[in-house]
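*Asks:* Dropping the structure in here first, questions after.
Residue numbers (the working numbering): 130 to 419.
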């Protein structure tokens with residue numbers, strides 16, 4: 130692996146995992162342009178996702194540790210007969226909502242190849258269309274009135290809705306954070322609550338998918354460049370943490386729709402480039418090598 134390419138992809142991953150513009154779509158397009166494909170692209174994507182996962186734990190450590198604490202307290206309350214669904218605090222209710230939303234994703238993973246197979250297939254037209262779908266979600270969510278639901282106000286139907294949108298985000302080009310945040314806004318969640326829930330909801334999805342794919346990759350005979358992978362992990366984690374802070378600031382300033390404009394332009398560009406490749410029989414990567 131070329132270290133410069135690894136660092137570039139780590140920066141892209143760190144930014145796009147949390148900015149509502151689709152990290153998988155950006156990595157797919159970037160790997161398409163740079164000619165990185167196959168198992169090397171897969172293992173690098175996994176490591177970069179784990180790096181951004183570390184950023185989530187650091188950025189939301191207070192809420193995450195609060196949810197972990199409530200998990201064990203809930204077990205104790207169930208056995209002592211003190212558990213009350215209506216009397217749950219914000220961390221406990223959000224914990225249950227994350228479990229419900231994640232449960233919806235589990236059966237969909239049986240068809241994971243149907244979604245992830247679009248990445249690295251040598252065609253970026255699909256990614257372009259997915260970027261346009263992301264743009265549509267962001268523009269629609271920006272039209273939502275200010276929500277007033279906080280963590281303690283979430284309902285099961287809210288978690289179910291956000292979980293469904295997370296399933297759609299398995300397609301490269303459909304932003305997971307963007308679609309789940311938009312779903313939360315559609316449900317009437319307060320903006321910062323929608324963002325926090327969307328990011329924390331990504332933990333089991335990213336961790337589960339990465340562990341399974343990492344096991345398959347490590348069982349292959351491919352030689353791994355651990356230094357390059359380590360650099361990618363650290364860079365994606367640091368950039369991811371900064372991206373989380375940026376999203377939180379943009380949410381407060383009501384400037385979220387700027388990402389809709391960005392994904393709209395990117396989607397049109399990818400569709401146009403993909404159609405050009407189909408018509409000419411040449412790839413962008415070969416053009417850049419000339």
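Using N, Cα and C, we set each Cβ at its ideal position, and we do this for glycine too.
If you draw a straight line from the alpha carbon of residue 260 to that of residue 407, how long is it in whole angstroms?
*Replies:* Their Cα atoms are separated by approximately 19 Å.
*Asks:* Pairing CB atoms from the stretch 200-214 with CB atoms from the stretch 256-270, are three or more of them under 8 Å?
*Replies:* Because the criterion of three Cβ pairs below 8 Å is not met, the stretch 200-214 and the stretch 256-270 do not touch.
*Asks:* What is the DSSP secondary structure of residue 381, counted as helix, strand or coil?
*Replies:* Residue 381: helix per DSSP, three-state reduction.
*Asks:* With a threshold of 6 Å on Cβ separation, who are the neighbours of residue 317 within its own chain once the five nearest residues in sequence on each side are excluded?
*Replies:* Taken in chain order, the residues that qualify are 276 and 278.
*Asks:* Could you check the C-alpha separation between residue 255 and residue 185 for me, to the nearest Å?
*Replies:* Each residue's Cα considered, the two are about 29 Å apart.
*Asks:* Pick helix, strand or coil for residue 211, following the three-state DSSP scheme.
*Replies:* Reduced to three states, the DSSP call for residue 211 is coil.
*Asks:* State the Cα-Cα distance for the pair residue 235 and residue 198, rounded to the nearest angstrom.
*Replies:* Cα-Cα distance, rounded: 24 Å.
*Asks:* By Cβ distance below 8 Å, which residues in the same chain neighbour residue 319 in space, the five residues on each side in sequence not counted?
*Replies:* Cβ within range, chain order: 275, 276, 277, 278 and 279.
*Asks:* For residue 368, which option in 134, 139, 131 and 132 has the closest C-alpha, if you only look at C-alpha atoms?
*Replies:* Ranking 134, 139, 131 and 132 by Cα distance to residue 368 puts 139 first.
*Asks:* Considering only residues of the same chain and omitting the five flanking positions on each side of residue 145, which have a CB-CB separation below 7 Å?
*Replies:* Hits under 7 Å: 151, 152 and 155.
*Asks:* How about the stretch 220-234 and the stretch 369-382: do they share at least three Cβ pairs that are nearer than 8 Å?
*Replies:* The stretch 220-234 is not in contact with the stretch 369-382.
*Asks:* Spatial neighbours of residue 314 within its chain, please: CB distance less than 8 Å, with the 5 preceding and 5 following residues excluded, ordered by chain position.
*Replies:* Closer than 8 Å at the Cβ level, and outside the excluded window around residue 314, lie 270, 273, 276, 320 and 323.
*Asks:* Using the three-state DSSP reduction, which class does residue 393 fall into: helix, strand or coil?
*Replies:* Three-state result, residue 393: helix.
*Asks:* Starting from the Cα of residue 176, find the closest Cα among 404, 335, 392 and 389 and give me that residue.
*Replies:* Checking every option, the nearest Cα to that of residue 176 belongs to 335.
*Asks:* Smallest Cα separation from residue 327: which of 213, 356, 225 and 291?
*Replies:* The option with the nearest alpha carbon to residue 327 is 291.
*Asks:* Give the list of continuous alpha helix (DSSP H) stretches no shorter than 4 residues that lie fully inside the stretch 230-289.
*Replies:* Entirely contained in the stretch 230-289, the alpha helix (DSSP H) runs reaching 4 residues are, in chain order, 241-245 and 254-271.
*Asks:* Enumerated in chain order, which unbroken segments of the alpha helix (DSSP H) with a length of 4 residues or greater are wholly contained in the stretch 295-369?
*Replies:* Listed in chain order, they are 305-315 and 320-347.
*Asks:* Count the other CB atoms, across all protein chains shown, that sit within 10 Å of the CB of residue 352; report buried if there are 16 or more and exposed otherwise.
*Replies:* When all chains shown are included, residue 352 counts as exposed.
*Asks:* My guess is that residue 264 and residue 392 are in contact by the Cβ rule of under 8 Å, so how many angstroms apart are they, rounded?
*Replies:* The Cβ separation is near 4 Å, so the contact holds.
*Asks:* Does the separation of the CB atoms of residue 147 and residue 376 fall below 8 Å?
*Replies:* Yes, the Cβ-Cβ distance between residue 147 and residue 376 is below 8 Å.
*Asks:* Please say whether residue 257 and residue 396 have beta carbons closer to each other than 8 Å?
*Replies:* Yes, these two residues count as a Cβ contact at 8 Å.
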